[in-house]
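In this note's numbering, the protein residues as written are 2 to 402.
This is the structure in structure tokens:
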């Protein structure tokens, strides 16, 4: 577990940055109103039990978030209101998790994968995600992002950001510090953060789209089917994370409505932002529609590749058939010549008659030589006739086919 934690806290309306230890954060003397903490939920999960219990107790973090199920989940959203003994609100927490898959230009199939062990779903997930940096050489990576807002009435907020990539940390911090953020309810302070996550989701969809456009423009004669199906796999994952993110934002929206209906104060600050998540939901829905179009376009390219290959194979088969037809004609010619000479050869072999005699007076032809022609000619004609007759019969044609 890292000793220093990147922390930003609000002092007199200005955000100040510092690296603190967990002991200093737990002491809380540096923070009088609100703070943002960038840390890793897996680091907290692997911390010594005493320190882990202190962190969970300080910010009211549910221990279930450290379980393997939550650490490897594709997204969720939840909330909890903790009351004092007199029934008043002591603090209010809401948490969420988002996954984003980013695909790069050097995409290629990964030859191996990490086996998932689910023997005990309550066992902590360890210090590293199941999809780590080893996927980067293959052209893709996962962003696993978690958020927890610990709000203490009337206006003290701590935003815990878990496992955020460095660019997202900077954009979230810039968004919070550049605008007048209200801390009078736990959802208004969080309302700008989903926009940054949506930007990553949008980039992941466009990365799939770029690969598809490359396939559509190239139309390779010999396509790489394994790479094409690898791209389809990532497109499915992108749509999955978008669907879960949409559902999580819907849950956050409903949780805010329930909170406002139950714990809202009369101050105008409670109503300064009217349903800040509605527009974000519409954005995610539109991005999800584009992702669905990407999958359909990708399936179209896969089908086209298979149809093109089938058409190419069909043309090859036609050429093979034409060559075979020419060879068949040659074989028929040889067969006819064979049938013309075979009967005579057969009779000459059977009879072995000495039709020719070489004597001193010269070449003498036997007076019986006519017998050879009388027998050979009709036998040859009979053989050819039988072959033609056989070829004309239905079962003869079927045998040829």
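Where is the CB? At the ideal position from N, CA and C, for every residue including glycine.
Closest residue to residue i among the options (Cα-Cα distance)
| i | options | result |
| --- | --- | --- |
| residue 11 | 25, 37, 309 and 334 | 37 |
| residue 50 | 64, 40 and 41 | 64 |
| residue 207 | 70, 104, 281 and 148 | 104 |
| residue 230 | 318, 306 and 331 | 306 |
| residue 164 | 387, 394 and 6 | 6 |
| residue 170 | 158, 152, 196 and 153 | 196 |
| residue 91 | 334, 319, 276 and 158 | 158 |
| residue 43 | 17, 345, 73 and 167 | 73 |
| residue 220 | 303, 175, 260 and 152 | 303 |
| residue 282 | 222, 254, 368 and 296 | 254 |
| residue 278 | 288, 252 and 292 | 252 |
| residue 94 | 24, 87 and 80 | 80 |
| residue 289 | 66, 59, 209 and 256 | 209 |
| residue 23 | 8, 34 and 136 | 8 |
| residue 136 | 114, 388, 153 and 151 | 114 |
| residue 71 | 372, 294 and 99 | 99 |
| residue 161 | 59, 311, 338 and 309 | 59 |
| residue 296 | 388, 211, 331 and 154 | 211 |
Residue range of the unbroken beta strand (DSSP E) whose run includes residue i
| i | result |
| --- | --- |
| residue 85 | Unbroken run through residue 85: none, as it is neither H nor E. |
| residue 153 | 141–153 |
| residue 161 | 157–163 |
| residue 40 | 35–40 |
Exposure of residue i, with buried meaning 16 or more beta-carbon neighbours within 10 Å
| i | result |
| --- | --- |
| residue 19 | exposed |
| residue 390 | exposed |
| residue 40 | buried |
| residue 187 | buried |
| residue 85 | exposed |
| residue 394 | exposed |
| residue 321 | exposed |
| residue 329 | exposed |
| residue 147 | buried |
| residue 260 | buried |
| residue 215 | exposed |
| residue 334 | exposed |
Own chain partners of residue i with C-beta closer than 6 Å, once the 5 adjacent residues on each side are dropped
| i | result |
| --- | --- |
| residue 156 | 184 and 185 |
| residue 1 | With the chain covering 2 to 402 only, the question about residue 1 has no answer from this structure. |
| residue 383 | none |
| residue 175 | none |
| residue 78 | 97, 249, 252 and 253 |
| residue 257 | 188 |
| residue 56 | 45 |
| residue 299 | 213, 233 and 236 |
Close-in-space but distant-in-sequence residues of the same chain around residue i (CB under 8 Å, 5 per side omitted)
| i | result |
| --- | --- |
| residue 102 | 141, 142, 143, 144, 205, 235, 238, 239 and 242 |
| residue 285 | 199, 202, 243, 246, 247 and 250 |
| residue 268 | Bear in mind that the predicted position of residue 268 carries a pLDDT of just 48, short of 50, making it unreliable; the figure below should be weighed with that in mind. Cβ neighbours of residue 268 beyond the five flanking positions: 185. |
Reduced DSSP secondary structure (H/G/I, E/B, other) of residue i
| i | result |
| --- | --- |
| residue 178 | helix |
| residue 188 | coil |
| residue 73 | coil |
| residue 17 | strand |
| residue 374 | helix |
| residue 22 | strand |
| residue 341 | helix |
| residue 104 | strand |
| residue 322 | helix |
| residue 334 | helix |
| residue 222 | coil |
| residue 99 | strand |
| residue 5 | strand |
| residue 347 | helix |
| residue 293 | helix |
Same chain only: Cβ atoms within 7 Å of residue i, ignoring 5 sequence neighbours per side
| i | result |
| --- | --- |
| residue 177 | 37 and 193 |
| residue 83 | 61, 91 and 92 |
| residue 53 | 45 |
| residue 227 | 110 |
Delimiting residues of the alpha helix (DSSP H) encompassing residue i
| i | result |
| --- | --- |
| residue 369 | Run containing residue 369: none; DSSP gives neither H nor E here. |
| residue 215 | 194–219 |
| residue 137 | Segment: none, residue 137 is in no alpha helix (DSSP H) and carries neither H nor E. |
| residue 226 | 226–264 |
| residue 60 | 50–60 |
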